[in-house]
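Student: In this note's numbering, the protein residues as written are 102 to 782. Note that beta-carbon positions come from the ideal geometry of N, C-alpha and C, so glycine has one too. In this text, all values refer to a predicted model and were calculated from it rather than measured experimentally.
1. Helix or strand or just coil, what does DSSP make of residue 644?
2. Could you pull out every residue in the same chain whose Cβ sits closer than 6 Å to the Cβ of residue 475, ignoring the five residues on either side in sequence?
3. Using beta-carbon positions only, say whether residue 492 and residue 448 come within less than 9 Å of one another.
4. For residue 513, tell me which candidate among 361, 682 and 366 has the shortest Cα-Cα distance.
5. Cutting at 6 Å between CB atoms, please list the residues of its own chain near residue 508, excluding the five before and the five after it.
6. Cutting at 6 Å between CB atoms, please list the residues of its own chain near residue 417, excluding the five before and the five after it.
7. Does the segment 237 to 247 touch the segment 212 to 226, meaning 3 or more C-beta pairs lie closer than 8 Å?
8. What does a CB cutoff of less than 7 Å around residue 150 pick up in its chain, not counting 5 residues either side in sequence?
9. If you drop the 5 nearest sequence neighbours on each side, which residues of the same chain put their C-beta closer than 6 Å to that of residue 397?
10. Residue 142 bridges to which residues according to DSSP?
11. My output table needs one value for residue 761: the three-state DSSP class, helix, strand or coil.
12. DSSP three-state label for residue 561, please.
13. Out of 535, 288 and 233, state which residue places its alpha-carbon closest to the alpha-carbon of residue 246.
14. For residue 185, which three-state DSSP category applies?
15. To which residues does DSSP link residue 742 through a beta bridge?
16. Beta-carbon separation of residue 412 and residue 429 under 9 Å?
17. What is the residue span of the beta strand (DSSP E) that residue 458 lies within?
18. Would DSSP call residue 568 helix, strand or coil?
19. Using beta-carbon positions only, say whether residue 230 and residue 182 come within less than 9 Å of one another.
20. Below 8 Å, can you find three or more Cβ-Cβ pairs linking the segment 137 to 146 to the segment 698 to 718?
21. Under a three-way DSSP split, which group does residue 169 fall into?
22. For residue 663, which residues of its own chain have a beta-carbon under 7 Å away from its beta-carbon, when the five flanking residues on both sides are left out?
23. Taking three-plus beta-carbon pairs below 8 Å as touching, is the segment 174 to 190 in contact with the segment 344 to 356?
24. By DSSP, does residue 506 sit in helix, in strand, or in coil?
25. If I measure Cβ to Cβ from residue 436 and keep anything under 7 Å in the same chain, skipping five residues before and after, which residues do I get?
26. Please report how far the alpha carbon of residue 554 lies from the alpha carbon of residue 560, in whole angstroms.
27. To the nearest angstrom, how far is it from the Cα of residue 557 to the Cα of residue 690?
28. Which residues in the same chain have their Cβ closer than 6 Å to the Cβ of residue 371, if we skip the five residues on either side of it in sequence?
This is the structure:
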């Protein structure tokens, strides 16, 4: 269902349907369109020391797109502190600490980590040098004769080994203390060495030196083993691969590393798929959840916070400013009072700027440790009757809660590294995410090499996979809908714009020998459970069984629609709590603010203002209920009216009330079957 590049190019060239307003300049009317701006709040620096972070009040929203992604990343000084143990360390010893900095997305790759982390870099260089030496032995007869002479169990071989060991010191600048290879090998020096240039000799000295360090110096242990020198090198390389994989798996699965990689890859997912330009912009604020909480809680009122000044005053409340259309928080919120209070504060900022806020729901919201147990409770609604969730229920009853949307579950951001999954360039590395099938009494190995990886597969350990915040995926659907139609109503359902395609396809061998698939949305959610979650105020990504696709079907914000005696009132309350309609209403609110700000100071009566606004909004109404999905997505209003009333005691001041009726989207369908059977006479 993904579109071809021809359609993308065709869309970028001709103008599409636009929401515009007129600006009169010198007697001529000019059409103006407000850009759709997404504000992203995320912790993108990791646990970088506070000294390297600027004060929150000095930070600004930074515009980001795919072309400047790495430069923005470099400006945030991203880095982590992680824990690790070397294979030879005592099991009871404390883990070591180290740090890594990140200025490009590619630096999260295994090879980049290896090259920048000294314990891994040393192993990697030794391995490369030994493989270089192995290639020289196999391709040059004179080199092979020199090595055979050196490793021979004879007086001549012992003399050569002593000379090599004395001449080579790894601590020396180039490894060789007072001579090079030719000075030790003498008549046995290969011709390929004597005739090579300085650079080639330096490489050869390095390879021979590593051979002396790891093979010649360990001759007493190696001479008891069978096989050629090449096979002995193979065994050393396997040992180094094991050590490298052991340490690298610890780094990749460190909590701090996973958190930072998840944030940056989630952000990249949104940025890479957004067709940014003059009409669609992405801006990011580097802010931790604690900084966000302190900013909002320490302010006397929410409108004194730095977040309010960035989101409302700098754009929506400033002449010439472009209002934020959507806010995304790379955070998860649970049932604890701090989370609910923070959501309440954020909702006030979002409501004042008419910019809906989307984030993730934590498993803790449902009293779970992880979402893989989401199918266990028989009735989710009963969980939310607990007195522990009084604050949550109170928050849902507030009007501003319709500007907050919580999504779940987490979504897989990338496949694990491995030969048959996501290849780690330059490395022979298998990322451990599968718990092996063990025989009775067999212990879990420290590391699984790719040679026996398939045979030892069992069940995926979800915590070792890289999961992302589902809010990034929902925001991607919203920006995609805006790019296609100029509106954000088409964000739900398989055919309605809510389809997620191309998710990582992680397969593994089960205990029964079958090939199974790890759900890319962390847990498979049934239709019944999705409806329950939607009614409780959550938007869920539902995996399509047996495929690498998922879809957002619901559109409920955290607001709980009030119940009335009238069916029409109940319908209005239900619609006003749906994200697609909140986005549409917010978009009109932005235009009304900008349009009327330009009219301040003109001689206009109440009737003039009302007529002008109703003529403007009429261009976005479609009366045809049978129109196609694409047409309705471009004209999402079935009816609209703006009433303008005078404010008593304030001449020239008016209140404008919008009445919007969108085209309804299919929520659910109940079917009945009638059986007609002919009875025998």
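Tutor: Quick look at the numbers:
1. Reduced to three states, the DSSP call for residue 644 is strand.
2. The beta carbon of residue 475 is closer than 6 Å to those of 624 in its chain, skipping five residues each way along the sequence.
3. No Cβ-Cβ contact shorter than 9 Å links residue 492 with residue 448.
4. From the listed residues 361, 682 and 366, the smallest Cα separation to residue 513 is found for 366.
5. Cβ contact annotation for residue 508 (same chain, cutoff 6 Å, sequence separation greater than five): 461, 571, 572, 575 and 640, in chain order.
6. For residue 417, the CB contacts under 6 Å within the same chain, skipping 5 residues up- and downstream, are 424 and 454 in chain order.
7. Because the criterion of three Cβ pairs below 8 Å is not met, the segment 212 to 226 and the segment 237 to 247 do not touch.
8. For residue 150, where only same-chain residues beyond five positions count, there are no Cβ hits under 7 Å.
9. Excluding the 5 residues flanking it on each side, residue 397 has same chain C-beta neighbours closer than 6 Å at 406 and 446, in chain order.
10. Paired residue(s): 386 and 430.
11. Assignment of residue 761 by DSSP, reduced to helix, strand and coil, places it in the strand class.
12. Three-state DSSP puts residue 561 in a strand.
13. Here the closest residue by C-alpha is 288.
14. Here residue 185 sits in strand by DSSP.
15. Paired residues: 760.
16. In this structure, residue 412 keeps its C-beta atom at 9 Å or more from the C-beta atom of residue 429.
17. 458 to 462 is the span of the beta strand (DSSP E), which, as asked, contains residue 458.
18. Looking at residue 568 - three-state DSSP - the assignment turns out to be strand.
19. No, these two residues do not count as a Cβ contact at 9 Å.
20. Segments in contact, no.
21. Residue state for residue 169 is assigned as coil, using DSSP reduced to three classes.
22. Result list for residue 663: 674, in chain order.
23. Output reads yes: the segment 344 to 356 touches the segment 174 to 190.
24. Look at residue 506 here: in three-state DSSP terms it is strand.
25. The answer, listed in chain order, is 465, 466, 489, 490 and 493.
26. Reliability of the predicted coordinates at residue 554 is poor, the pLDDT of 45 falling under 50, and the value obtained from them is presented with this limitation in mind. Straight-line spacing of the CA atoms in residue 554 and residue 560 works out to 12 Å.
27. Only weak support exists for where residue 557 lies, its pLDDT of 46 falling under 50; the value from the coordinates is given anyway. Taking the straight line joining both Cα atoms gives about 58 Å.
28. Result list for residue 371: 573, 576 and 577, in chain order.
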